[in-house]
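Protein chains in written order, with UniProt numbering: chain A, 1 to 686; chain C, 1 to 136. Glycine is no exception: its CB is placed at the ideal position from the N, C-alpha and C atoms.
Below you can see the structure in the form of structure tokens.
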């Protein structure tokens with residue numbers, strides 16, 4: 001029986017989930033774009049805390065937003081970006097067409113968080129006193145000694161006053177329709193919020209109101225100037241520098257329109273495919289600026305960022321981007337670097353390239369309207385990355401480590417194994433064909449796991465095979481089966497080695513919860529199973545044609561790939577010929593077994609020679625991912641799962657992937673399962 | 001064969017604005033037609049709001065827009081679909097917040113066409129802020 005496609009949730013991300021349902025196969029929901037806990041709401045990963053006190057007429061009622069449509073093109077990214085601004089206390093200016101639901105989105109978020117909303121529309125006939133307050137005849141005067149006049153807060157002032165347990169959002173709607181004197185006054189407010197100081201109410205004989213950006217969030221909304229909106233003149237770009245400026249489309253994008261319309265009419269909208277790159281994750285505790293310099297690669301990234309900033313300004317100046325945007329803006333020399341730094345402090349996830357690039361998308365790309373412009377800037381953003389130098393001499397290595405201040409220096413104090421002879425030549429040939437970043441020989445083994453090999457096995461690959469491997473996007477990995485102490489290179493051992501190393505280097509984790517893994521996969525497996533010694537050619541990503549296929553169908557893809565790609569125009573090695581013949585002879589029976597006895601089918605599929613020759617086991621997958629990330633500071637299988645050759649204690653076939661800063665996730669499946677994010681990495685043992 | 005477009009009656013229009021998440025707008029050709037609409041609305045059980053805060057208290061209500069109420073009416077109409085409306089009393093310097101129970105409300109604005117044109121050019125884009133509009 002064919003199973004419907006399903007989304008696999010990790011069985012291993014944390015101990016709590018592991019204890020709840022450790023051994024139940026789950027057909028899980030997608031990672032929720034908006035997730036709620038008792039304490040807060042997470043908008044595409046950015047979590048805001050709920051207010052302690054929500055008893056106020058200014059807190060929007062949650063039931064008003066029961067039919068709010070969270071589409072992935074506008075509503076979800078907008079909520080995420082608003083959440084980032086709220087989290088960091090930065091004032092946000094959102095520029096977009098009327099039908100996009102800007103005000104509704106902010107009010108909906110406030111309703112979920114229990115935050116008050118103080119709204120002011122700056123369009124026409126609004127004066128400074130309406131916003132900041134004025135003296136009015138005392139409505140409570142009952143005795144002669146009562147004052148004739150009292151000061152009453154304006155809309156903004158009431159949003160600025162701090163009250164126990166409350167968080168307030170000040171919405172300044174139609175911001176670009178406001179009078180210049182109002183803008184000047186509001187900018188004084190923003191400056192005070194940024195400094196965490198006081199707003200002096202000149203309207204009230206200079207009363208000073210203490211303000212706090214953690215308690216008051218300011219968001220301005222505007223329709224694009226011109227484009228049929230009367231009374232909206234472009235703001236002076238200098239006035240925008242205080243704001244984090246986000247440009248939304250002028251009209252509802254087609255995808256959003258279609259999705260929202262389907263939802264309105266009760267039709268099931270097409271799946272939105274919320275991808276992992278849409279999520280951000282704030283650190284529980286922000287880094288300090290001093291800690292930034294401890295991040296490996298920071299100085300390199302910083303230099304590239306400076307170049308990027310200049311290049312972005314040049315693109316803007318020459319109107320190669322934002323040519324048709326009616327609201328001019330700048331990439332400010334002082335504000336943008338400070339914002340990017342604060343973003344990194346708050347969102348650093350162990351991968352400096354990823355975090356920095358997220359920051360640049362937030363503060364630079366978000367100002368652009370069209371996908372074409374975003375793509376142009378995206379090409380520059382991709383260049384802001386740290387590429388660890390590989391294969392360099394010991395002397396250079398030390399220099400780099402000393403420069404970054406990473407405590408790796410001591411570890412590298414013993415000379416590396418010097419490789420000579422035919423193996424060295426074979427490795428050089430592999431480097432030439434596959435690229436240095438894709439070859440993991442004895443030097444990398446020593447660098448990542450501290451294992452120095454007395455003897456390095458030959459690389460049994462012809463030039464033609466290497467060329468085909470390059471086309472298949474494969475890397476060459478030397479796997480070892482023992483630690484420097486001679487113990488099995490088990491998942492536990494790899495974890496122990498990498499936890500310390502990666503913590504120092506800011507590379508995140510290999511397992512989020514070693515205990516969770518141990519509970520699920522079994523202590524024996526976790527502490528004893530190890531990679532098989534020798535070289536392997538491993539696909540860096542799952543083969544696209546292996547997605548949405550069950551285990552048997554994937555095996556057919558393996559054979560097709562071997563015949564038509566890996567060994568195209570070459571003679572198939574005997575062991576592969578035998579393995580393929582075995583599979584062909586058992587295929588029909590296996591298909592029947594998958595229907596009648598999936599556990600037996602899983603066992604037999606895992607034992608097939610072709611499986612053993614071409615699929616990774618769990619420790620091998622972990623080993624390969626760790627090697628690549630350690631050398632290149634980049635995670636493979638970041639948004640997919642690969643089906644392994646291993647069984648879990650209940651007889652399910654194990655799936656690994658979604659490798660993020662919190663480690664690699666595990667799951668399991670029956671052989672007939674299939675999912676759009678589940679494929680396999682072709683991993684030929686040599 | 002000719003095609004005829006039937007102009008909906010005011011009554012039909014008001015059946016559309018009932019329960020809508022946006023306010024309705026009635027555009028009168030002149031003051032005289034505006035008075036006629038007022039009589040019709042009164043006859044159909046609508047209550048006249050003298051000031052903007054009345055709109056938050058009445059289930060079937062209309063507000064006649066003139067120079068003094070234009071800003072308040074515009075602010076109200078712009079916020080109305082967003083699930084919460086903050087009404088600010090400039091005299092008392094007090095804000096009051098209102099959560100529309102859309103299913104049980106029928107709120108419309110009434111404006112004379114010339115006034116509407118003036119408001120639009122002043123930046124009060126009422127036509128974008130409201131939902132269905134009616135003119136005879």
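Asked                                                                                                                           : Found
Presumed contact (8 Å Cβ cut-off) between residue 329 (chain A) and residue 245 (chain A), rounded CB distance                  : 5 Å
Closer than 9 Å at the beta carbon, the chain C residues around residue 638 (chain A)                                           : Per Cβ cutoff of 9 Å: no residues; residue 638 (chain A) is ~37 Å from chain C at best.
Own chain residues within Cβ distance below 7 Å of residue 116 (chain C), not counting five before or after                     : 27 and 126
Listed by chain order, chain A residues near residue 56 (chain C) by CB distance under 9 Å                                      : Under the 9 Å cutoff, chain A gives no residues; its nearest Cβ is about 11 Å from residue 56 (chain C).
Alpha helix (DSSP H) segment containing residue 96 (chain C), residue limits                                                    : Where residue 96 (chain C) is concerned, there is no enclosing alpha helix (DSSP H), although the beta strand (DSSP E) it sits in stretches over 94–98.
Bridge partner(s) assigned by DSSP for residue 538 (chain A)                                                                    : A:475 and A:683
Supposed contact pair residue 468 (chain A) and residue 568 (chain A) - C-beta distance, whole angstroms, cut 8 Å               : 6 Å
N-terminal and C-terminal residue of the alpha helix (DSSP H) that residue 188 (chain A) is part of                             : 180–195
Contacts of residue 152 (chain A) in chain C (Cβ-Cβ under 8 Å)                                                                  : 92, 93 and 94
Neighbourhood of residue 129 (chain C) by C-beta, 6 Å cutoff - its chain only, sequence neighbours within 5 removed             : 77 and 78
Rounded distance between the beta-carbons of residue 247 (chain A) and residue 325 (chain A), thought under 8 Å                 : 7 Å
Where residue 570 (chain A) sits in the DSSP three-state scheme                                                                 : coil
Given 8 Å, three or more beta-carbon pairs between the segment 69–87 of chain A and the segment 36–46 of chain A                : yes
C-alpha distance - residue 296 (chain A) paired with residue 174 (chain A), whole-angstrom precision                            : 44 Å
Helix, strand or coil at residue 516 (chain A) [DSSP, three-state]                                                              : helix
Delimiting residues of the beta strand (DSSP E) encompassing residue 688 (chain A)                                              : As shown, chain A starts at 1 and ends at 686. That puts residue 688 (chain A) outside it, with no answer to give.
Minimum Cβ-Cβ distance from residue 118 (chain C) to chain A less than 8 Å                                                      : no
Spatial neighbours of residue 59 (chain C) in its chain, beta-carbon cut-off 8 Å, leaving aside the 5 residues before and after : 104, 105 and 106
Residues of the segment 126–143 of chain A whose Cβ lies closer than 8 Å to any Cβ of chain C, in chain order                   : 126, 130, 133, 134, 136 and 139
Chain-ordered chain C contacts of residue 622 (chain A) [CB-CB under 9 Å]                                                       : What residue 622 (chain A) touches in chain C: nothing, since even the nearest Cβ is about 48 Å away.
Own chain, CB closer than 8 Å to residue 591 (chain A), minus 5 neighbours either side, in chain order                          : 552
7 Å CB neighbourhood of residue 31 (chain C) in its chain, flanking five on each side removed                                   : 112
The segment 99–129 of chain C: positions lying closer than 7 Å to chain A by Cβ                                                 : 99, 120, 121, 122, 123, 124, 125 and 128
Run of the beta strand (DSSP E) containing residue 87 (chain C), from where it starts to where it stops                         : 85–89
Within-8 Å CB hit, residue 68 (chain C) to chain A                                                                              : no
Which of helix, strand or coil DSSP assigns to residue 249 (chain A)                                                            : coil
Assigned secondary structure, residue 370 (chain A) (DSSP; H/G/I helix, E/B strand, else coil)                                  : coil
Neighbour flag for residue 131 (chain C) against chain A, beta carbons, 8 Å                                                     : no
For residue 345 (chain A), three-class secondary structure by DSSP                                                              : helix
Proximity of residue 88 (chain C) and residue 99 (chain C) at Cβ, strictly below 8 Å                                            : no
Residues within the segment 28–52 of chain C neighbouring chain A, beta-carbon criterion of under 9 Å                           : none
C-beta atoms of residue 276 (chain A) and residue 638 (chain A) nearer than 8 Å                                                 : yes
Nearest-angstrom Cα separation, counted from residue 559 (chain A) out to residue 516 (chain A)                                 : 35 Å
Distance between residue 533 (chain A) and residue 494 (chain A) (C-alpha atoms, nearest Å)                                     : 15 Å
Helix, strand or coil at residue 380 (chain A) according to DSSP, with G and I counted as helix                                 : helix
Bridge partners - residue 94 (chain A), DSSP secondary structure assignment                                                     : A:221 and A:246
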